Structures are given as structure tokens and as C-alpha cells.
Amino acid sequence: MSGTRIRDRGTRDRGRLVDELIAVGRDAVGRGLVLASAGNLSVRVSEREFLVTAKGSWLDRLTPESFALLTLDDDETGAPVDVGPEPSSEWKLHHRAYRARPDAECVLHLHPRTAVVLASLGRPIRRLTLDHAYYLGEIAVTPFFHNGTDELADTAAEALRDHDCVVMQHHGCSVVAGDVQMAYRRALNLEDAAQATALALQLGDLDTVFPDDTATHA
Numbered sequence: 013m014s015g016t017r018i019r020d021r022g023t024r025d026r027g028r029l030v031d032e033l034i035a036v037g038r039d040a041v042g043r044g045l046v047l048a049s050a051g052n053l054s055v056r057v058s059e060r061e062f063l064v065t066a067k068g069s070w071l072d073r074l075t076p077e078s079f080a081l082l083t084l085d086d087d088e089t090g091a092p093v094d095v096g097p098e099p100s101s102e103w104k105l106h107h108r109a110y111r112a113r114p115d116a117e118c119v120l121h122l123h124p125r126t127a128v129v130l131a132s133l134g135r136p137i138r139r140l141t142l143d144h145a146y147y148l149g150e151i152a153v154t155p156f157f158h159n160g161t162d163e164l165a166d167t168a169a170e171a172l173r174d175h176d177c178v179v180m181q182h183h184g185c186s187v188v189a190g191d192v193q194m195a196y197r198r199a200l201n202l203e204d205a206a207q208a209t210a211l212a213l214q215l216g217d218l219d220t221v222f223p224d225d226t227a228t229h230a
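Right, here's the structure in full:
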């Protein structure tokens, strides 16, 4: 779990945070980390509220109007704060993650192909470079649950209590961090580690990992 200090969220620049998520969505689609409207992105804008991409939003076509504002006050409902777009059907993944991780400022839910395939096949994603070790820490894996369900959100949130990255078998990943840029670095390194692991497996290597896997975690 990241040791990031919890910030004064009363001074967050909502416009800048939305712009950062818009840029992440465009780049993630361009890199093939998610297709069309499959993933969802969020950022905490106060101690009690977070913004999440709206239902059906294509992540490479986001605008400032593509986000729903939800409350963190209630354990279950995540009720909208005001009249606005309907939140992503996966809003619970974000709601429960923030409640499990008070230090998290951003949650990214993407569908990185190689990471999901390895996790679904029961193959551990290995950290093979310094960046993998530094940005990722131990990678959690959870079993398959259907989209939008409490089981999916609750098991992912429980895994995120002690990890910054979780891969949900046959589905996708969620990463958390103290800011949008760090969350996206983790998402990028997760898929890079998965691709490196797949290459190592193709070369016949089954167990090599970064030689000093006690590297300080970001």
C-alpha cells in the first residue's frame, strides 16, 4: 500500500483533474489498454466526493461533461451529488476502492489484454525491471465476478487495501494512486510487466524476477 500522505482535498482543482483524466482516457485507448467505452476513470475531488466517467463514455472521446459526481458518504449507494450524467455501471469499483483506501486520489479501471490473459490463465505477472518493482509492488488477482456487482467491487476493494494494482480475472484491472499521473504510470507498468512476463514464458523462462524485488515502492 502506498504511503502517500492524505492531502487537503478542499483545494483540489477540479478542472485540472478532469483534464488529466481526459488525457489518460485518450492515451489509454491509443495504447490498446481499453476499447471504446469498456473502462472507467475517477478522481477524488473532496473528502466526500469523487468524479467518475459517465455510463457509455468512450474513453478517447471524453469531455468535461462526461463525468458524474458521486458521494462517498454512504457505504452502499454512492448517490449522485447533483443532477448530471448517469455514472458508469462500474461506479461501485471506484466507490468501494476510495472507501478502502483513504489515501487514494485516483482510480483507473482499464482492460489491459496481456495482464488479464495471464491472470485468467493463473500465470503470475512478474516484475522484471526496476520500474516494475518500483511502481507496482505486489500485484493482486481476484476471481471473476460479473460487471457492476457488489461481489466484484468488494473483492477488488479488499485487495486494494494492501495493494496498488489488482487484476480481476476475465475482466480488467484497477489501479490506485495519490494522483492521476502516478495511477497511469502504474497502469502502464502493469501491462508492460505482463508483456515482459509473456515474452519470458515464450523463451522458456518460468521464474526470473527483478533481482532486488525489495525496491522502494512508489
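All the letters of the sequence shown, read from the start, carry residue numbers 13 to 230 under my numbering. Backbone N, C-alpha and C fix where the C-beta goes; we use that ideal spot for every residue, glycine too. Note that the structure is predicted; figures quoted are calculated from it, not measured.
- If only complete runs of 4 or more residues are kept, the stretch 38-121 shows the alpha helix (DSSP H) at 103-112, in order along the chain.
- For Gly27, the three-state secondary structure derived from DSSP is helix.
- When C-alpha distances from Arg173 are compared across Ala109, Ala131, Thr209, the shortest belongs to Ala109.
- DSSP places Val178 in the uninterrupted beta strand (DSSP E) bounded by 177-180.
- For the options Arg125, Leu213, Leu63, the alpha carbon positioned closest to that of Leu140 is the one of Leu213.
- Collapsing the DSSP output to three states places Val188 in a strand.
- Using a C-beta cut-off of 8 angstroms, the stretch 159-168 makes no contact with the stretch 215-222, since fewer than three inter-stretch Cβ pairs fall below that distance.
- By DSSP's assignment, Ala152 forms a beta bridge with Val178.
- For Val36, the secondary structure class from DSSP, reduced to helix, strand or coil, is helix.
- In terms of CA proximity to Gln207, Thr126 leads the group Leu82, Thr126, Asp31.
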